[in-house]
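Participant: Following this message is one structure expressed as structure tokens.
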Amino acid sequence: MLLPPSTPGPSLFMNGTYRSTSTPSLPFAALSLSGTPLTASPSPSSTAGTFPTLNLSKKYSRDEHVQEYNLLRTRIRELEQQVAMESMGKALLKQTLDATVAQMKLEVERAIFDTRRDFDEKMSTLRMNFSEKTSAGKGDDSSSNSDSESSTKEEGEDSKDNEDSEKPSSMDAAGHSSIKELTNEVFFLNDFPVLEDGQDENELEFIKGSQEIQQLRFNWYHTAWHHTNADKISTMATYARKVGPNIVANTRDVLPLISDKDLLVRFQTRFDQLQRNWKGTSGQSQTAPSAAPPEDGNAPLSKTKHVNWASGKLKVHVCKRESKTIPEALQWIKDPKYDAAFKVNHMSDDNDFYENGKLVNSKYLARPPVYRLEKLQELFDTVDSIKDPTPIGQYTERIRGPPKEQGICRAIAFEKRGCRWMYKLEWLAVNKEYSVEMYVIENGVLWGDPTDLVDHEQKKKAVKKIKKE
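To convert, note that position 287 of the sequence shown is 287 in the UniProt record's numbering; the numbers rise steadily by one, no gaps.
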């Protein structure tokens, strides 16, 4: 009689050979109480190269059984690990293929959308031009026949109906070049306003040509239809219809032909274009629009690139100024009275850098304004000379250029305006339009003035906020 597999029992000594009554499972040999091994049929999937083999004619000791059993378990674990790794590899391969297919599908859909939109815009322009030529031709025909016999009442009504049918559709009128020009002008928001954290949107500058509607801060991570952008785009479209002829005169006869919906679509399309520029996916250069560099070897940066570099320079300046390893002789740059200089508006204007007629992306040309006081320039130069405690991996080399003749940037917020100590007095004396509080404010108590306009303005805002609550 055989004992059940893996059933413990007393040890037996039979025929001079040590045997255990704990019988291992197949494919090991089952032992009879007489000590004679029973023949076991191997599994169909077992092969001599896969599992350890047993010599069934040999009598095994207990230690040999244990050794063979451990070898078998090790081999089984290896096979299980191999199967698991193969399954994982297939899953990763499938995941990679799915992601690649999804990305290709997205790119194809985007290309189709861009192509279709460009085609629609070109067709709208062609229809508009054709309608204008047709209308002009009919006007010549009607004037040449004005001396002929008078038309009947019915003929006059038919003629009126024909004229109405020749008017361009709302969609065609929305694609007119004058409407595109109007859209670009109204969208002149310094293309992408740079605002520091916590700045109130009510402090933004006004849209070009308006003293009522301020610049709008868009969320470029969302679409034109997202609630954070939709209302602002609608505001701009309404403003364009109201004052459009004052901005672009050619729109006076075109705007009445466009429905509110189609005019809004035109502004949404323009937003999409700006968003692609912001993301860097427009496929067009963000710098000089022409292929050839300007005569002086440098060109103004695009607004986006200028803003990015100005913000980047400010962050580096602030980081260097707050460094704990500044030598004692340079500690004067940490004086709080110089804090007002470290704002985006006061960074040098930058230009693309050309070398031998070719644009060099690893360099840029920094041109300080002519109105900057020598003390402020010394402050910036000293900060530049300090080693950056947290250097970035990619470095853009700055090339010092000649001073640039330009006006002072206007800032609605008091704390963003420049203080009088930053500017050359002789320049302000000549350019008196900038020597006003809207552009330049007094230095404040840290420079010996009896009052501080920034603190005073902040207190006024706090009082207004309390009254509103």
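All C-beta atoms, glycine included, are put in the ideal place defined by N, C-alpha and C.
(1) Quick one: using the 10 Å Cβ neighbour count with 16 as the cut-off for buried, is Pro168 buried or exposed?
(2) What did DSSP end up calling Ser169 once you bin it into helix, strand or coil?
(3) Is the CB-CB distance between Ile258 and Ser170 below 9 angstroms?
(4) Taking just the CA atoms, how far does Ile76 sit from Glu86?
(5) Per the DSSP calculation, Lys232 is bridged to which residue(s)?
(6) Should Met128 go down as buried or exposed, given a rule of 16 or more other Cβ atoms within 10 Å for buried?
(7) Tell me whether Tyr423 sits in a helix, a strand or coil according to DSSP, three-state version.
(8) Going by C-alpha to C-alpha distance, which of Asp455, Phe267, Pro403 sits closest to Leu182?
(9) Which of helix, strand or coil does DSSP assign to Pro294?
(10) Below 8 angstroms on the Cβ atoms is my contact criterion, and I expect residue 471 with Val370 to pass it. Report the Cβ-Cβ distance as a whole number of Å.
(11) Could you tell me the alpha carbon to alpha carbon distance between Val440 and His317, rounded to whole angstroms?
(12) In this structure, how does DSSP classify Gly418 when only helix, strand and coil are distinguished?
(13) Helix, strand or coil: how does DSSP classify residue 553 here?
(14) Excluding the five sequence neighbours on either side, which residues of its own chain have a C-beta within less than 6 angstroms of the C-beta of Trp427, listed in chain order?
(15) Note down the Cα distance separating Glu437 from Val445, rounded to an integer number of angstroms.
(16) Output the distance between the C-alpha atoms of Val101 and Gln95, rounded to the nearest integer angstrom.
(17) Go ahead and pull the three-state DSSP assignment for Asn361.
(18) Reducing DSSP to helix, strand and coil, say where Arg110 ends up.
(19) Candidates Lys337, Tyr69, Asp114: which alpha carbon is nearest Asn443's?
(20) Using a Cβ-Cβ cut-off of 7 angstroms (strictly less than) and excluding sequence neighbours within five positions of Glu400, which residues of its own chain qualify?
(21) For His222, count neighbouring C-beta atoms within 10 Å of its own C-beta (all shown protein chains included) and say buried if the count is 16 or more, exposed if not.
(22) According to DSSP, simplified to helix, strand and coil, what is Glu378?
(23) Are the CB atoms of Ile333 and Leu379 within a distance shorter than 9 angstroms?
(24) Short of 7 angstroms in beta carbon distance, which residues of its chain neighbour Phe414, apart from the five on each side in sequence? Order them along the chain.
(25) When burial is assigned at 16 or more other CB atoms within 10 Å of the CB, is Gln81 buried or exposed?
(26) Less than 9 angstroms between the C-beta atoms of Gln275 and Trp220, yes or no?
(27) Does DSSP classify Glu355 as helix, strand or coil?
(28) Since I believe Val383 is in contact with Arg321 (beta carbons under 8 angstroms), could you give me their beta-carbon distance rounded to a whole number of angstroms?
(29) So, are the CB atoms of Glu328 and Ser362 less than 9 angstroms apart?
(30) In angstroms, rounded to a whole number, what distance separates the CA positions of Ala462 and Pro256?
(31) Starting from Ser177, trace the alpha helix (DSSP H) both ways and give me its first and last residue.
(32) If we call anything under 9 angstroms between Cβ atoms a contact, is Ala174 one with Leu263?
(33) Is residue 499 near Arg420, with beta carbons less than 9 angstroms apart?
(34) Count the other CB atoms, across all protein chains shown, that sit within 10 Å of the CB of Thr74; report buried if there are 16 or more and exposed otherwise.
(35) If you compare alpha carbons, which of Pro402, Glu374, Gln331 is closest to Asp349?
(36) Take the Cβ of Phe119 as the centre, count every other Cβ of all protein chains shown within 10 Å, and call the residue buried at 16 or more, exposed below.
Facilitator: A quick look at the data gives this:
(1) buried
(2) coil
(3) A contact, by the Cβ cut-off of 9 angstroms.
(4) 15 angstroms
(5) Paired residue(s): none; Lys232 is not in a bridge.
(6) Looking at its Cβ environment, which holds 16 or more other Cβ atoms inside 10 Å, Met128 is buried.
(7) strand
(8) Phe267
(9) Because Pro294 carries a pLDDT of 45, less than 50, the predicted location of this residue cannot be relied on, and the following value inherits that uncertainty. Coil.
(10) Outside the displayed range of the chain (1 to 469) lies residue 471, so it cannot be described from this structure.
(11) 22 angstroms
(12) strand
(13) Residue 553 falls outside the range modelled here, since the chain spans only 1 to 469, and no answer is possible.
(14) Once the five neighbours on either side are set aside, the close Cβ partners of Trp427 are Tyr371.
(15) 17 angstroms
(16) If I take the Cα positions, the gap works out to 10 angstroms.
(17) strand
(18) When DSSP states are grouped into helix, strand and coil, Arg110 belongs to the helix group.
(19) Lys337
(20) It is worth fixing the name first, because residue 400 is Arg in this sequence and not Glu. If we look at Arg400 and ignore the five residues flanking it on each side, its Cβ neighbours are Ala366.
(21) exposed
(22) Glu378: helix per DSSP, three-state reduction.
(23) Contact annotation: Leu379 and Ile333 have beta-carbon atoms nearer than 9 angstroms.
(24) Closer than 7 angstroms at the Cβ level, and outside the excluded window around Phe414, lie Ile441, Leu453, Val454, Glu457.
(25) Classification for Gln81: exposed.
(26) yes
(27) strand
(28) Indeed, because the Cβ distance is near 6 angstroms, the residues count as touching under 8 angstroms.
(29) no
(30) 45 angstroms
(31) From DSSP, the alpha helix (DSSP H) with Ser177 extends over 177-186.
(32) yes
(33) Because the chain spans 1 through 469 in this model, residue 499 falls outside it and cannot be assessed.
(34) Exposed is the call here.
(35) Pro402
(36) Classified as exposed, Phe119 has fewer than 16 neighbouring CB atoms from the shown chains inside 10 Å of its CB.
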